[in-house]
Amino acid sequence: VAIVGNTQQKTYGVLYDLGRKTVGFAPGSC
Amino acid sequence: AAGSSDDRALLSVASLFPGPACPATAEHGPSAAASARMRIVHQHGPCSPLADAHGKRPAHDEILAADQNRVESIQRRVSATTGRGKLTKRAAPVQPAPKKSPGHSASSSTPSLPATSGRALSTGNYVVTVGLGTPASKYTVVFDTGSDTTWVQCRPCVVKCYRQKEPLFDPAKSSTYANVSCSDPACDDLDSNGCTGGHCLYAVQYGDGSYTVGFFAQDTLTIAHDAIKGFRFGCGEKNSGLFGKTAGLMGLGRGKTSLTVQAYDKYGGAFAYCLPASSSGTGYLDFGPGSAGNNARLTPMLADKGPTFYYVGMTGIRVGGQQVPIAESVFSTAGTLVDSGTVITRLPATAYTALSKAFATGMSASGYKTAPAYSILDTCYDFTGLSDVSLPTVSLVFQGGACLDVDVSGIVYAISQAQVCLAFASNGDDES
C-alpha cells in the first residue's frame, strides 16, 4: 500500500470525516 | 522561508535546520466550525512540553529506521486484513500477567492476551496535550491516525513503565475513573482483550516490539475545553518501547475504540490537523465538522478497504507541474492510505522510480550537485554554500481531482546541508 506520510502533509489542514466519508487537504492551514 | 510558482518552489536552506528555541508565534485560532482545538508540536522539537535542554534527539538514521519499521507494520496489517500484498500477519503473543493492585480486584487466574502484532509506531511523531480524570491532569501523548486505542501509563504500574516526563496517571486520584467490566460489550471492541477479576484487559503490541498492556478503563477526557465523559482507554500497567517521554498515545483510527468513533455524537466523526513546516513550529488538532476550513480539497475515504486506516485513491503525481507518466493501475493495485505517523511517503516501486527520475531531471536542469543516498532515501543533493534553492514542485493527485501540492518544507528531508534528499521512498515493488 502507498502511504502519504507526515512530511508531505506539512502546513496542510488534513481533514478526516467519517460521517461524510471524505479526506481533505486544505493548503496553508498553519 | 519559501516562495513558489506552478513548477518550481523556492526553499531557504536555513529553514531546513530550525533553531533550538521555540519561536514566539501566534496561536492558530479555532476555525469557525471546529469545536475543540489543541496545539500540535513535534515530540522532539523545542516547543514540545517534553523538550529537555539536555535531551538527545533521535538521529536521522534512527528516525528513518523506525519509519521503515512502522511502514512494514502497516503493510503487515493491511495484508492481514485485506488479503493483499506479499506479507503475512505474524503472531506475537504478550503475557501481561497483571498482579493485584490497589483499587483493582484480584484474580487467581493469570490472563494471557493474544496481542495483535503489527501496530505501527515511529519516533517521528507529533504530540498533543490532553486532560484525563477528575480533577483533570495533563498528559502529552502521541496522536496517531494509524491505530485505534488510546492509552496512558498508569499507577501503580504493576509490572513496568518507561520513563515519562509527566507524572503517571493515577486512577485512585480520579473520582470518575472506572475499570471496564469483562461483560461490558466495549471489552469486545478491543482487538486484543482479556479478563482478570471481572476487569477487562487490553494489550497492544507495536511492530517494533514496543507494547502496552493493562486495564481497559473509562474516565473523563478533556480536549481543549471539551470534556468527554466515559471515554474508554487503556490504563497501562506494563509498558515498554520507543514512546519517548510521552505519557501514551491517542488513537484516531476508524476502529470502535478510537477517539474519533467514541466522540462521534459530539464531533460527527470529523477531525483535522495541521503539522507545522518545521519541528520548531506549532500546528493544531481540531475536532468537529468543518474544522479544516472551506478551502479543503476533498477525496473519498475508501472505508471498505479495511479497518483502522484512512484509505484514499491516489491517481497520479505531478512534478514541476507536469504529469509523471505512471499508469493509474499502479496506484489502484496497491491502494493508498494517509497516516499521521509515517514520516516519509511510500510509493509503489514503479511510481517512485518515475517520480525520482522526474525530480532528478528538474534538479539536474538547475545544476544542483548530487549527494550519496541515505538510508531509505536515494535521491539526494549537496546544498553546501547555498542559501536558497529552487526545487521542482511535487503534487499528489487523488480521486475526484483533489490535489496535495506538497509544501516546499515537505518535498525534501535534510540530513545535513551537504545531504538533502527527496522525501519519498519506494515500497520495493508494486504489490506491497
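Chains as they are written, first to last, in our numbering: chain A, 9 to 38; chain B, 212 to 643. For glycine and all other residues, C-beta sits at the position ideal for the given N, C-alpha and C. Keep in mind the model is a prediction, meaning the values are calculated, not measured.
### Query
Under 8 Å between the Cβ atoms of F609 (chain B) and G524 (chain B)?
Walking along the second sequence from the start, residue 609 (chain B) turns up at place 398. Walking along the second sequence from the start, residue 524 (chain B) turns up at place 313. Contact flag set, yes.
### Query
Quick one: what's got a C-beta closer than 6 Å to C406 (chain B)'s C-beta in the same chain, skipping five residues either side?
The residue labelled residue 406 (chain B) in the question sits at position 195 within the second sequence. Closer than 6 Å at Cβ, skipping near neighbours: C393.
### Query
By the 10 Å Cβ neighbour count, where 16 or more other Cβ atoms means buried, how is H410 (chain B) classified, buried or exposed?
Along the second sequence, one-based indexing puts residue 410 (chain B) at 199. Result: buried.
### Message
I want to see whether chain A comes within less than 8 Å of Y624 (chain B), judged by CB atoms only; does it?
### Response
Residue 624 (chain B) sits at position 413 when you count from the first residue of the second sequence. Closer than 8 Å: yes.
### Query
CB-CB under 7 Å to K516 (chain B), same chain, minus the five flanking residues each way: which ones, in chain order?
For the purposes of this step, residue 516 (chain B) is taken as residue 305 along the second sequence, with counting starting at 1. Taken in chain order, the residues that qualify are T293, Y522 and G546.
### Task
Could I get the ranges of all uninterrupted alpha helix (DSSP H) runs contained in the stretch 559-618 of chain B, with 4 residues as the minimum, in chain order?
560-576
### Beta-carbon proximity of P346 (chain B) to C446 (chain B), cut-off 8 Å
To locate residue 346 (chain B), count along the second sequence from 1; it is residue 135. To locate residue 446 (chain B), count along the second sequence from 1; it is residue 235. No.
### Integer-rounded CB distance, given that T15 (chain A) should sit under 8 Å from T556 (chain B)
Residue 556 (chain B) sits at position 345 when you count from the first residue of the second sequence. Residue 15 (chain A) sits at position 7 when you count from the first residue of the first sequence. Between T15 (chain A) and T556 (chain B) the Cβ distance is about 7 Å, and since that is below 8 Å, they are a contact.
### Message
If I measure Cβ to Cβ from L227 (chain B) and keep anything under 6 Å in the same chain, skipping five residues before and after, which residues do I get?
### Response
Along the second sequence, one-based indexing puts residue 227 (chain B) at 16. Cβ neighbours of L227 (chain B) beyond the five flanking positions: A625.
### Query
Does the beta carbon of P603 (chain B) come closer than 8 Å to any beta carbon on chain A?
In the second sequence, counting from the first residue as 1, residue 603 (chain B) sits at position 392. Chain A, which has no Cβ nearer than 8 Å to the Cβ of P603 (chain B), makes this no.
### Query
What residues in its chain sit with their C-beta under 7 Å from that of A438 (chain B), if we drop five residues either side in the sequence?
Locating residue 438 (chain B) in the second sequence gives position 227, where the first residue counts as 1. Excluding sequence neighbours, A438 (chain B) sits near T431.
### Message
Contact between the stretch 395-406 of chain B and the stretch 369-380 of chain B is defined here as three or more beta-carbon pairs at a separation below 8 Å; is this criterion met?
### Response
The stretch 395-406 of chain B is not in contact with the stretch 369-380 of chain B.
### Query
What alpha helix (DSSP H) runs, 4 residues minimum, are completely inside the stretch 413-496 of chain B?
470-473 and 475-478
### Message
If we define contact as Cβ-Cβ less than 8 Å, is P35 (chain A) a contact residue for chain B?
### Response
As a first step, residue 35 (chain A) is located in the first sequence; it is residue number 27 there, counting from the start. So, interface residue.
### Query
Using the rule of at least 16 other Cβ atoms within 10 Å of the residue's Cβ for burial, across every protein chain shown, is S37 (chain A) buried or exposed?
Residue numbering aside, residue 37 (chain A) sits at position 29 when the first sequence is read from its first letter. S37 (chain A) should be labelled buried.
### C-beta neighbour in chain A for F482 (chain B), strict 8 Å
Here residue 482 (chain B) corresponds to residue number 271 of the second sequence, with the count starting at 1. Interface residue, yes.
#### Entry: Residues that C632 (chain B) bridges to, as DSSP identifies them
As a first step, residue 632 (chain B) is located in the second sequence; it is residue number 421 there, counting from the start. DSSP, once it has assigned bridges, lists B:C591 and B:Y624 as partnering C632 (chain B).
### Query
Where S221 (chain B) and I537 (chain B) are concerned, what is the direct C-alpha to C-alpha distance, given to the nearest angstrom?
Along the second sequence, read from residue 1 onward, the residue named residue 221 (chain B) stands at position 10. Along the second sequence, read from residue 1 onward, the residue named residue 537 (chain B) stands at position 326. Reading the sequence as shown, one finds Leu at residue 221 (chain B) and not Ser. Distance between the alpha carbons of L221 (chain B) and I537 (chain B): 26 Å.
### Task
Pick out whichever of B:A629, B:G611 and B:V623 has its Cα sitting closest to the Cα of L597 (chain B).
Here residue 597 (chain B) refers to the residue found at position 386 when the second sequence is read from its first residue. Closest by alpha carbon: B:A629.
### Message
Contact between the stretch 442-457 of chain B and the stretch 360-376 of chain B is defined here as three or more beta-carbon pairs at a separation below 8 Å; is this criterion met?
### Response
yes
### Query
Any residues in the stretch 463-492 of chain B with a beta carbon nearer than 9 Å to a beta carbon of chain A? Which ones, in chain order?
Residues L463, R465, T471, V472, Y475, G479, G480, A481, F482, A483, Y484, C485, L486, P487, A488, S489 and G492.
### Task
Return the first residue and the last residue of the alpha helix (DSSP H) that H271 (chain B) is part of.
Counting from 1 along the second sequence, the entry for residue 271 (chain B) is found at position 60. First-last of the alpha helix (DSSP H) with H271 (chain B): H271 to T293.
### Query
At which residues does the alpha helix (DSSP H) containing F380 (chain B) begin and terminate?
For the purposes of this step, residue 380 (chain B) is taken as residue 169 along the second sequence, with counting starting at 1. First-last for F380 (chain B): undefined, no H or E at that position.
### Extent of the continuous beta strand (DSSP E) run through F520 (chain B)
Indexing the second sequence from 1 puts residue 520 (chain B) at position 309. No beta strand (DSSP E) contains F520 (chain B), which DSSP labels as neither H nor E.
### Query
According to the Cβ coordinates, are V369 (chain B) and Q429 (chain B) closer than 8 Å?
Along the second sequence, one-based indexing puts residue 369 (chain B) at 158. Along the second sequence, one-based indexing puts residue 429 (chain B) at 218. For V369 (chain B) and Q429 (chain B), no; Cβs fall outside 8 Å.
### Task
Would you mind telling me which residues of chain A sit closer than 9 Å to Y495 (chain B), beta carbon to beta carbon, in chain order?
By 1-based counting over the second sequence, the position of residue 495 (chain B) is 284. Going along chain A in sequence order, the residues near Y495 (chain B) (Cβ under 9 Å) are G21, S37 and C38.
### Task
Reducing DSSP to helix, strand and coil, say where P511 (chain B) ends up.
Residue mapping note: residue 511 (chain B) aligns to position 300 of the second sequence, counting from 1. Strand.
### Contact set between T433 (chain B) and chain A, taken where Cβ atoms lie within less than 9 Å
Within the second sequence, numbered from 1, the residue matching residue 433 (chain B) stands at position 222. Here the premise fails: no neighbours, minimum Cβ distance about 21 Å.
### Message
Contact criterion: CB-CB distance below 8 Å. Does R268 (chain B) meet it with respect to chain A?
### Response
As a first step, residue 268 (chain B) must be located in the second sequence, where it is residue number 57. So no, R268 (chain B) is outside the interface.
### Query
So, are the CB atoms of D419 (chain B) and L460 (chain B) less than 8 Å apart?
As a working mapping, residue 419 (chain B) is identified with position 208 in the second sequence. As a working mapping, residue 460 (chain B) is identified with position 249 in the second sequence. Not in contact: D419 (chain B) and L460 (chain B) (Cβ atoms no closer than 8 Å).
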